[in-house]
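> Below is one structure. I have some questions about it.
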Amino acid sequence: MISRWVHSVVFSLGMVLLLVLVPVPAQAESGFAPVDRPGPALSVPPEQLRASLTCHGDPGSDPQPVLLSPATSVTPQENYSWTYERAFAAQDRFSCAVTMPDHTLGDIQVAGEYLVHGIREMHRLTGKRIAVLGHSQGGMNPRWALRFWPDVRGLVDDVIGMAPSNHGTESMPGCGPAPAECEPAVWQQQAGSDFTRALNSRAETFPGISYSVIYTRLDEVVTPPESSELHTGDGMIGNVAVQDVCPTDVSTHLLVGTVDPVTYALVVDALDHPGPADPARVDASVCGQPLMPHVDPMSVNTFLQPLSAVPGLLSTALPGVNLVGTPSTDREPQLRCYVYAAGC
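FYI, in mature numbering (1 follows the signal peptide of the UniProt record, and there is no 0) the residues of the sequence shown are -28 to -1, 1 to 316.
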């Protein structure tokens, strides 16, 4: 009896030591690449990267230049041509937009390479540290470039996310075996995905960069809405709900990334001041505005661009429905070798 008891104690102590000494891969931050390891060479052909970037305005103009990153399932034309591109043109602000492959529904690791190129090219054109502005996935995926390509951090002054999917969402369509397959970016933006764990590993933000997270507490796409927020790392972080400025604001996910005037005021505040957006600097009169400035409700483009985005939006929202031709898969894309501390 005593010998069995001793054997049991020794076995239990051995298991405790084993658990202490052997890391659990699913939870081990050390499994992901160090934040200061140089990024890999870009795998996307240079001619495709060059063709993806469309710019407007004078690179030598005074306002801070902005790189626009589109949301899941839409092009920059559908997302920004009738909203922020018009506003930035009126401000004499140089801006560029990245057109992602597969209607921004493909592997976000590939989208990250397009953003690395866009950041480098805009800095070359302007000689300035730039701002990166995006809606939903477009507010999150620049952080993939910053996380795994440290050289671009010194080229970026602001990262501004409008309802960004920084930690994934619990409300994405239920992805699973055929016929309920999903596009790669939909898989990757589910809460708890391998992609989101890698994205937020070790540090969410980096020194010298201001991060403005602008979201709505009524978000029905990125849920819970507070999952947009950032908290770790050494960057300057401002997490602001539009209801912090206007308590009765009823903007949803799509409105925050398009025509919401409160979001626009916070975006401009972040661009025109050092550090992240500060709701205390936003005039309360914005609460009475129906649309952000420079959106023309009488323009045909104001209606055509949102309508042209409908097929992509339906492809994202409805499992098994694919109206834009993006290949669907039955699982999340495998993480690239550079993501891991030990490679593949």
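Quick reminder that beta carbons are idealized off the backbone N, C-alpha and C, glycines included.
If you're wondering where the values come from, they're calculated on a predicted model, not measured in any experiment.
Check this for me: beta carbons of G11 and W121, under 8 Å apart or not?
Within the sequence shown, numbered from 1, the residue matching residue 11 stands at position 39. Within the sequence shown, numbered from 1, the residue matching residue 121 stands at position 149. Yes, Cβ-Cβ distance for G11 and W121 is below 8 Å.
> What's the call for E155, buried or exposed, on a 16-neighbour Cβ count within 10 Å?
Within the sequence shown, residue 155 is the residue found at index 183, counting from 1. It is buried - the Cβ of E155 has at least 16 other Cβ atoms within 10 Å.
> Alpha carbon to alpha carbon, how far is Q20 from Q109? Give it in angstroms, no decimals.
The residue given as residue 109 occupies position 137 in the sequence shown. The residue given as residue 20 occupies position 48 in the sequence shown. The straight-line gap from Cα to Cα measures roughly 21 Å.
> Cutting at 8 Å between CB atoms, please list the residues of its own chain near P269, excluding the five before and the five after it.
As a working note, residue 269 is residue 297 in the sequence shown. Result list for P269: L263, in chain order.
> Since I102 and D129 are thought to touch, with beta carbons under 8 Å apart, how far apart are those beta carbons, to the nearest angstrom?
As a first step, residue 102 must be located in the sequence shown, where it is residue number 130. As a first step, residue 129 must be located in the sequence shown, where it is residue number 157. Contact holds; Cβ gap of about 7 Å.
> Start and end of the alpha helix (DSSP H) containing M112?
Position 140 of the sequence shown, counted from the start, is the residue given in the question as residue 112. Note, M112: alpha helix (DSSP H), Q109 to M112.
> In terms of residue numbering, what span does the beta strand (DSSP E) encompassing L238 cover?
Position 266 of the sequence shown, counted from the start, is the residue given in the question as residue 238. Element bounds for L238: not the beta strand (DSSP E) but the alpha helix (DSSP H), P233 to D244.
> Please name the residue in M94, V194, D79 and L97 whose C-alpha comes closest to that of V16.
Locating residue 16 in the sequence shown gives position 44, where the first residue counts as 1. It is D79.
> Determine the direct distance from the alpha carbon of G111 to that of P48, and round the result to whole angstroms.
To locate residue 48, count along the sequence shown from 1; it is residue 76. To locate residue 111, count along the sequence shown from 1; it is residue 139. Approximately 13 Å between the Cα atoms of the pair.
> Using the Cβ count rule (16 or more neighbours within 10 Å means buried), how would you classify C316?
Reading the sequence shown from its first residue, position 344 is the one you call residue 316. Classification of C316: exposed, given that the 10 Å Cβ count is below 16.
> So, using beta-carbon positions, are Q160 and T141 closer together than 8 Å?
Working through the sequence shown from its first residue, we reach residue 160 at position 188. Working through the sequence shown from its first residue, we reach residue 141 at position 169. Not a contact, by the Cβ cut-off of 8 Å.
> Between which residues of its own chain and F178 is the CB-CB distance below 7 Å, once the five residues before and five after are set aside?
By one-based count along the sequence shown, residue 178 stands at place 206. For F178, where only same-chain residues beyond five positions count, the Cβ hits under 7 Å are L118, R125, G205, D206 and G207.
> Looking only at C-alpha atoms, which of F4, V70, R303 and E93 sits nearest to L40?
Position 68 of the sequence shown, counted from the start, is the residue given in the question as residue 40. When each option's Cα is compared against that of L40, the closest is V70.
> Does DSSP classify P(-6) as helix, strand or coil?
Walking along the sequence shown from the start, residue -6 turns up at place 23. Only weak support exists for where P(-6) lies, its pLDDT of 35 falling under 50; the value from the coordinates is given anyway. In the structure shown, P(-6) sits in coil (DSSP, three-state: anything other than H, G, I, E or B).
> Suppose you measure from the CA of P136 to the CA of G229; what does that come to, to the nearest Å?
Here residue 136 refers to the residue found at position 164 of the sequence shown. Here residue 229 refers to the residue found at position 257 of the sequence shown. Computed Cα separation, rounded: 9 Å.
> For P73 and Y310, I'd like the C-alpha separation in whole angstroms.
The count along the sequence shown starts at 1 and reaches residue 73 at position 101. The count along the sequence shown starts at 1 and reaches residue 310 at position 338. Cα to Cα, the separation comes out at about 21 Å.
> If I'm right that residue 360 touches A249 with Cβ under 8 Å, what's the distance once you round it to whole angstroms?
For the chain, the structure presents residues -28 to 316; residue 360 sits outside this window and is missing.
> Should Q306 be labelled buried (16 or more other beta-carbon atoms within 10 Å of its own) or exposed?
Numbered from its first residue, the sequence shown carries residue 306 at position 334. Q306 is exposed by the Cβ-count criterion.
> With distances taken between CB atoms, is the gap from V217 to V234 smaller than 8 Å?
Here residue 217 is taken as the residue at index 245 of the sequence shown, counted from 1. Here residue 234 is taken as the residue at index 262 of the sequence shown, counted from 1. Result yes, Cβ atoms of V217 and V234 sit closer than 8 Å.
> Can you tell me whether DSSP reads D129 as helix, strand or coil?
Residue numbering aside, residue 129 sits at position 157 when the sequence shown is read from its first letter. The answer is strand: DSSP assigns D129 an E or B state.
> Would you call S271 buried or exposed, if buried means 16 or more other Cβ atoms sit within 10 Å of its Cβ?
The sequence position of residue 271 within the sequence shown is 299, counting from 1. That one is exposed.
> Are the beta-carbon atoms of G247 and S182 separated by less than 8 Å?
Against the sequence shown, residue 247 aligns to sequence position 275. Against the sequence shown, residue 182 aligns to sequence position 210. Against a cut-off of 8 Å, the Cβ pair of S182 and G247 comes out as a contact.
> Could you tell me the alpha carbon to alpha carbon distance between R22 and A13, rounded to whole angstroms?
Here residue 22 is taken as the residue at index 50 of the sequence shown, counted from 1. Here residue 13 is taken as the residue at index 41 of the sequence shown, counted from 1. Approximately 16 Å between the Cα atoms of the pair.
> Checking 8 Å against the spacing of the C-beta atoms, do F66 and P37 come in under that value?
Within the sequence shown, numbered from 1, the residue matching residue 66 stands at position 94. Within the sequence shown, numbered from 1, the residue matching residue 37 stands at position 65. Yes, the Cβ-Cβ distance between F66 and P37 is below 8 Å.
> Just tell me which of T188, P6 and Y312 has its CA closest to the CA of F167.
Taking the sequence shown and counting its residues from 1, one reaches residue 167 at position 195. Cα-wise, what sits closest to F167 is Y312.
> Bridge partners for S184 per DSSP, in chain order?
Position 212 of the sequence shown, counted from the first residue, corresponds to residue 184. DSSP output for S184 lists I132 and G210 as bridge partner(s).
> In terms of alpha-carbon separation, which member of P219, P114 and T55 lies closest to G260?
Taking the sequence shown and counting its residues from 1, one reaches residue 260 at position 288. The option with the nearest alpha carbon to G260 is P219.
> Starting from A252 and walking both ways along the alpha helix (DSSP H), at which residues does that stretch end?
Position 280 of the sequence shown, counting from 1, holds the residue named residue 252. Element bounds for A252: n/a, residue is neither H nor E.
> Just to confirm, is the Cβ distance from H225 to V258 under 8 Å?
Start at 1 with the first residue of the sequence shown, and residue 225 comes out as number 253. Start at 1 with the first residue of the sequence shown, and residue 258 comes out as number 286. For H225 and V258, no; Cβs fall outside 8 Å.
> Return the first residue and the last residue of the alpha helix (DSSP H) that L263 is part of.
Here residue 263 is taken as the residue at index 291 of the sequence shown, counted from 1. From DSSP, L263 is part of no alpha helix (DSSP H); its letter is neither H nor E.
> The alpha helix (DSSP H) spanning H28 covers which residue range?
Residue mapping note: residue 28 aligns to position 56 of the sequence shown, counting from 1. No alpha helix (DSSP H) contains H28, which is instead part of the beta strand (DSSP E) from L25 to H28.
> Express the C-alpha separation of A256 and Q215 in angstroms, rounding to a whole number.
As a position in the sequence shown, residue 215 is number 243, starting the count at 1. As a position in the sequence shown, residue 256 is number 284, starting the count at 1. In a straight line, the C-alpha of Q215 is about 12 Å away from that of A256.
> Among the residues of its own chain, which have a CB less than 8 Å from the CB of V231, if the five just before and after it don't count?
For the purposes of this step, residue 231 is identified with residue 259 of the sequence shown, where counting begins at 1. These residues qualify, in order along the chain: T55, L263, M264 and V267.
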